[in-house]
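As structure tokens, the structure follows; a few thoughts come after it.
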């Protein structure tokens, strides 16, 4: 089960990593960012740790028994937030659609908050492992919104 969780999370990470690599990563450096924005090189290590904790959290929930309705709900929400997670980087970096990415990451934060609550009900350690991810996504959403607000109006 842990291997399956790691594979799913790894797939989402790979989509984001591919979208964020290459020439489009220069987009972040070129954007008008607030003074509290971290440098681009911070994101890779942070996401590596977060993806690891996400996989462990999903495994902790899954091992509680997929037949339980609470477990199915929690894992369904996890899958939904994972799809939203994977979609953000191609929108922001791949398409350069910073404003659309801001809307998408807010949706991710909402679904992720529901995921954390559902994980907490099934396994408190799993819920606790997801809290840093939620905090980071809320921070990233605020950063994305500020970057989008600074864009010139077309």
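Numbering (my numbering), first residue to last: 104 to 257. By construction, the Cβ of each residue, glycine as well, lies at the ideal position given by its N, Cα and C atoms. Because the structure is a prediction, the values reported are computed rather than measured.
Asked: Among 225, 254, 250, which residue has its Cα nearest to the Cα of residue 171?; Found: 225
Asked: Would you call the CB atoms of residue 191 and residue 173 closer than 7 Å?; Found: no
Asked: Closer than 6 Å to a non-hydrogen atom of the ligand HEM - does that hold for the CB of residue 237?; Found: In the structure shown, the ligand HEM is absent, as is every other ligand, since no ligand is present at all.
Asked: In the structure shown, what three-state DSSP assignment does residue 238 receive?; Found: helix
Asked: Pick out whichever of 138, 181, 137 has its Cα sitting closest to the Cα of residue 213.; Found: 181
Asked: With C-beta atoms as the reference, is residue 275 less than 7 Å away from residue 248?; Found: Shown here, the chain extends from 104 to 257; a query on residue 275 therefore has no answer.
Asked: With distances taken Cα to Cα, identify the nearest neighbour of residue 177 among 227, 243, 240, 235.; Found: 227
Asked: Would you report the Cα separation of residue 160 and residue 219, rounded to the nearest angstrom?; Found: 10 Å
Asked: Using the Cβ count rule (16 or more neighbours within 10 Å means buried), how would you classify residue 230?; Found: buried
Asked: Quick one: what does DSSP say residue 202 is sitting in, helix, strand or coil?; Found: helix
Asked: Give the straight-line distance between the Cα atoms of residue 243 and residue 205, rounded to the nearest whole angstrom.; Found: 9 Å
Asked: Suppose the cutoff is 7 Å on Cβ atoms and the five residues either side in sequence are ignored; what does the same chain contact list for residue 140 look like?; Found: 246
Asked: For residue 200, tell me which candidate among 145, 154, 254, 152 has the shortest Cα-Cα distance.; Found: 254
Asked: Less than 8 Å between C-beta atoms, sequence neighbours within five positions excluded: which residues of the same chain meet that for residue 234?; Found: 219
Asked: Indicate whether residue 143 and residue 154 have their beta-carbon atoms separated by less than 7 Å.; Found: no
Asked: Nearest-angstrom Cα distance between residue 147 and residue 217?; Found: 25 Å
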